[in-house]
Amino acid sequence: MTSTSLPPSLIPTLPGEYYTDPEVFALEQERIFEAMWFCVARASELARPGQFRTCQVGGESVLVARSRDGGVRAFLNICRHRGARLCTQESGEVRRAFQCPYHAWTYGLDGKLVAAPNLTSMPDVDRGEYGLVGVHVREWLGYVWVCLAEEAPSFEDEVMGAVVERLGDVESIERYGVGELRVGRRITYDVKANWKLIVENFMECYHCATIHPELTEVLPEFADGYAAQYYVGHGAQFGERVRGFTVDGSEGVDRIPGVAEEQDRRYYAITIRPQVFVNLVPDHVIFHRMYPMAADRTVVECDWLYLPHVVEGGTDVERSVELFHRVNQQDFEACERTQPAMSSRAYARGGVLVPSEHHIGAFHDWVGERLRRPAG
Ligand code: FES
Ligand code: FE
Numbered sequence: 095m096t097s098t099s100l101p102p103s104l105i106p107t108l109p110g111e112y113y114t115d116p117e118v119f120a121l122e123q124e125r126i127f128e129a130m131w132f133c134v135a136r137a138s139e140l141a142r143p144g145q146f147r148t149c150q151v152g153g154e155s156v157l158v159a160r161s162r163d164g165g166v167r168a169f170l171n172i173c174r175h176r177g178a179r180l181c182t183q184e185s186g187e188v189r190r191a192f193q194c195p196y197h198a199w200t201y202g203l204d205g206k207l208v209a210a211p212n213l214t215s216m217p218d219v220d221r222g223e224y225g226l227v228g229v230h231v232r233e234w235l236g237y238v239w240v241c242l243a244e245e246a247p248s249f250e251d252e253v254m255g256a257v258v259e260r261l262g263d264v265e266s267i268e269r270y271g272v273g274e275l276r277v278g279r280r281i282t283y284d285v286k287a288n289w290k291l292i293v294e295n296f297m298e299c300y301h302c303a304t305i306h307p308e309l310t311e312v313l314p315e316f317a318d319g320y321a322a323q324y325y326v327g328h329g330a331q332f333g334e335r336v337r338g339f340t341v342d343g344s345e346g347v348d349r350i351p352g353v354a355e356e357q358d359r360r361y362y363a364i365t366i367r368p369q370v371f372v373n374l375v376p377d378h379v380i381f382h383r384m385y386p387m388a389a390d391r392t393v394v395e396c397d398w399l400y401l402p403h404v405v406e407g408g409t410d411v412e413r414s415v416e417l418f419h420r421v422n423q424q425d426f427e428a429c430e431r432t433q434p435a436m437s438s439r440a441y442a443r444g445g446v447l448v449p450s451e452h453h454i455g456a457f458h459d460w461v462g463e464r465l466r467r468p469a470g
């Protein structure tokens, strides 16, 4: 069936190969993940100088570390000598330098080459020139974002702009003070599905009535299938008898003081392309980051963020965490059920989107447009 023969209620999805073909994935790594701002870590994971984290951004391993001046620096995690991966741990802390495990070239927290065996006998080697390759880095909402492009796109336009596009203005997220919140819980999900299936799933709520019984109890309007992301500035309202955004609708924890009256008892969802989802409720923020590892595998790290005294005082956040943990499991199970079908001949030309999903078509157009764009 071609798109021209579809009835007006339906629009086509991407063909199945977009979710399985390693060549498409390689192109996405180059033209999406390595070209855009990519969220890598919670800044509090790098609280002290020398604390570091490594992660995969597109096809590259990136090392982010807190430097002595208090700023965060990001580098390609590759030794400039003969290319060994410098840091093999996912996270950790060094005292003052990173030492390559191969021939012991040693780099300061600012990336400069500070020592190497026999370096003094090579006075012509410039230590800055042979330092680690730096990449662009920003901190926002208490997270560290990197960009591997030579010329980074505007953070204000692309990252903050995505929030403005959804909420109408940037103040609407700033009121939650996301940067000052603490991680009350982090759960990492290893999802056997293409990253785009996870984005598409997050953008629509046509599935909510079928797979999210707890969520639709708390947000009854989700049972109608229209996602919060369907309308600009719209937050889904809590059900009348719901007391908090918890698995059983029971009372949540202390409300974030800056949250405006009109934002109270509402749930807002934001997609920051390509790999971040933000969920705002009055007493916490749920922040997802996807790390696409292969065409059919995506690691999702999800943080539940609360006011500092809630986390430090040991308040029980179990029922609050449990709600979105179940939503995550339900969603990722659905994505994993869909992934194998992407290589079926039944899906060679893709599937269809119903009207409440038509906005996903814009995401598909965006992916297609990025992949056609020349690298640069
Ligand atoms: Fe790192 Fe040789 S490759 S010191
Ligand atoms: Fe869902």
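All letters in the sequence shown, in the order written, are residues 95 to 470 by this note's numbering.
Each residue gets a CB set at the ideal place from its N, CA and C atoms; glycine is no exception.
In this structure the segment 147 to 156 lies against the segment 119 to 131, because at least three pairs of beta carbons, one per stretch, are closer than 8 Å.
Arg413 is the residue among Trp398, Arg260, Arg413, Arg221 whose C-alpha sits nearest the C-alpha of valine 312. For leucine 399, the uninterrupted beta strand (DSSP E) run begins and ends at 391 to 400, by DSSP. Around the beta carbon of threonine 340, a 10 Å sphere encloses 16 or more other beta carbons of the protein chains shown; the residue is thus reported as buried.
DSSP places arginine 260 in the helix class (H, G or I) of the three-state scheme. Annotation for methionine 384: the continuous beta strand (DSSP E) segment containing it runs 378 to 388. In this structure the segment 388 to 408 lies against the segment 276 to 290, because at least three pairs of beta carbons, one per stretch, are closer than 8 Å. Along the length of the segment 178 to 225, whole beta strand (DSSP E) runs at least 3 residues long occupy 185 to 187, 191 to 193, 200 to 202, 207 to 209, reported in chain order. The beta carbon of glutamate 406 sits closer than 8 Å to the beta carbons of Arg276 from its chain, once the five residues preceding and following it are set aside; these are given in chain order. If you compare the alpha carbons of Pro195, Asn295, Val253, Glu223 with that of leucine 235, the shortest gap goes to Val253. Short of 7 Å from the beta carbon of proline 143, and not among the five residues preceding or following it, lie these beta carbons of its own chain, in chain order: Arg160, Ser161, Arg162, Leu203.
One alpha carbon belongs to glycine 352, the other to arginine 360, and they sit about 14 Å apart. Within the DSSP secondary-structure output, glutamine 145 pairs in a beta bridge with Glu187. In the three-state reduction of the DSSP assignment, serine 155 falls in the strand class, which pools E and B. Per DSSP, the beta-bridge partners of asparagine 373 are Ala363, Ile380.
By a beta-carbon distance limit of 8 Å, tyrosine 237 contacts alanine 137. Their separation comes to about 6 Å. Around the beta carbon of aspartate 263, a 10 Å sphere encloses fewer than 16 other beta carbons of the protein chains shown; the residue is thus reported as exposed.
At least one heavy atom of the ligand FES lies closer than 8 Å to the C-beta of cysteine 194. In the DSSP secondary-structure assignment, threonine 340 is not bridged to any residue. Residues Asp397 of the same chain have their beta carbon placed closer than 6 Å to that of arginine 280, with the five preceding and five following residues left out of the count. Judged by DSSP in its simplified three-state form, arginine 431 adopts helix. When Met216, Gly444, Arg467, Gln433 are compared, the shortest CA-CA separation from threonine 114 is found for Gln433.
In summary, tryptophan 131 is buried, with 16 or more beta-carbon neighbours lying within 10 Å of its beta-carbon over all protein chains present. Counting of Cβ neighbours within 10 angstroms places leucine 180 among the buried residues, the total reaching 16 or more. Counting along the chain, threonine 304 sits inside the alpha helix (DSSP H) bounded by residues 302 to 305.
Taking one beta carbon from each stretch, the segment 314 to 333 and the segment 259 to 273 have 3 or more pairs nearer than 8 Å; the two touch.
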